[in-house]
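Chains as they are written, first to last, in the working numbering: chain A, 1 to 110; chain B, 1001 to 1115. Don't be surprised by glycine CBs; every beta carbon is placed ideally from N, CA and C. Please read these numbers as outputs of a predicted model, since none were measured by experiment. Take a look at the structure below.
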Amino acid sequence: DSGVTQTPKHLITATGQRVTLRCSPRSGDLSVYWYQQSLDQGLQFLIQYYNGEERAKGNILERFSAQQFPDLHSELNLSSLELGDSALYFCASSPDTEAFFGQGTRLTVV
Amino acid sequence: AQSVTQLGSHVSVSEGALVLLRCNYSSSVPPYLFWYVQYPNQGLQLLLKYTSAATLVKGINGFEAEFKKSETSFHLTKPSAHMSDAAEYFCAVSEYTGANSKLTFGKGITLSVRP
Chain A
1 DSGVTQTPKH LITATGQRVT LRCSPRSGDL SVYWYQQSLD QGLQFLIQYY
51 NGEERAKGNI LERFSAQQFP DLHSELNLSS LELGDSALYF CASSPDTEAF
101 FGQGTRLTVV
Chain B
1001 AQSVTQLGSH VSVSEGALVL LRCNYSSSVP PYLFWYVQYP NQGLQLLLKY
1051 TSAATLVKGI NGFEAEFKKS ETSFHLTKPS AHMSDAAEYF CAVSEYTGAN
1101 SKLTFGKGIT LSVRP
């Protein structure tokens, strides 16, 4: 158990819908990362937050947004969902350099 | 900018054979380097990390990696493969710490172990 909790574990939704993925980092970790993993794209970095502030952006679509709250939990919002958004979404938290990953949320868009 | 190259997408070894997974990095400053393992339908798990102390780093499950600055490499090895080692392995690099830390991952290598 990495100490990073992601909910829900599985999510099935229709195209055009909006979903919110939640991440609770390890106690004390200020950095939160979001990654998308799919068979064709591999592991893609989406966005990073540090103590509530956005620190880095990767290949994140405009339809996606994220935020980190004062209690350090984070949410990833995915809207206008398309079939191609089906993937595993991982959250990771970091105390300094290395990252500890949650078990992921498997999103299926139908 | 930092980057990681993992050549090849798949490595297959026999049980008991040496495992060698290659990783080369690019970094403008002394890097922090990591290997992660991912089992099917699970998150990534940290195997080991290099943070400028010893160049030979030992990790979990009998894996180790050696940092070679002259070759900009951080290859992962295990003397004797076990069936349970079958998984996907990712190399990652970070140039900074704390608020400025950002992990960059390679594309990953799938390790298969033949009986």
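What is the DSSP secondary structure of residue i, reduced to helix, strand or coil?
| i | result |
| --- | --- |
| residue 81 of chain A | coil |
| residue 1062 of chain B | helix |
| residue 42 of chain A | strand |
| residue 1024 of chain B | strand |
| residue 1070 of chain B | coil |
| residue 1092 of chain B | strand |
| residue 14 of chain A | coil |
| residue 1012 of chain B | strand |
| residue 2 of chain A | coil |
| residue 1099 of chain B | helix |
| residue 1084 of chain B | helix |
| residue 73 of chain A | coil |
| residue 47 of chain A | strand |
Beta-carbon within less than 7 Å of residue i's beta-carbon, same chain only, minus the 5 sequence neighbours each way: which residues are those?
| i | result |
| --- | --- |
| residue 80 of chain A | 16, 63 |
| residue 1066 of chain B | 1055, 1056, 1075 |
| residue 1012 of chain B | 1112, 1114 |
Between residue i and the rest of its own chain, which residues show a CB-CB distance below 6 Å, the 5 nearest in sequence each way excluded?
| i | result |
| --- | --- |
| residue 50 of chain A | 30, 31 |
| residue 1014 of chain B | 1114 |
| residue 58 of chain A | 45, 46 |
Is it true that the CB of residue j sits closer than 8 Å to the CB of residue i?
| i | j | result |
| --- | --- | --- |
| residue 1075 of chain B | residue 1022 of chain B | yes |
| residue 73 of chain A | residue 25 of chain A | yes |
| residue 89 of chain A | residue 108 of chain A | no |
Does the structure place the region 1077–1094 of chain B close enough to the region 1028–1035 of chain B that three or more beta carbon pairs sit under 8 Å?
Yes, the region 1028–1035 of chain B is in contact with the region 1077–1094 of chain B.
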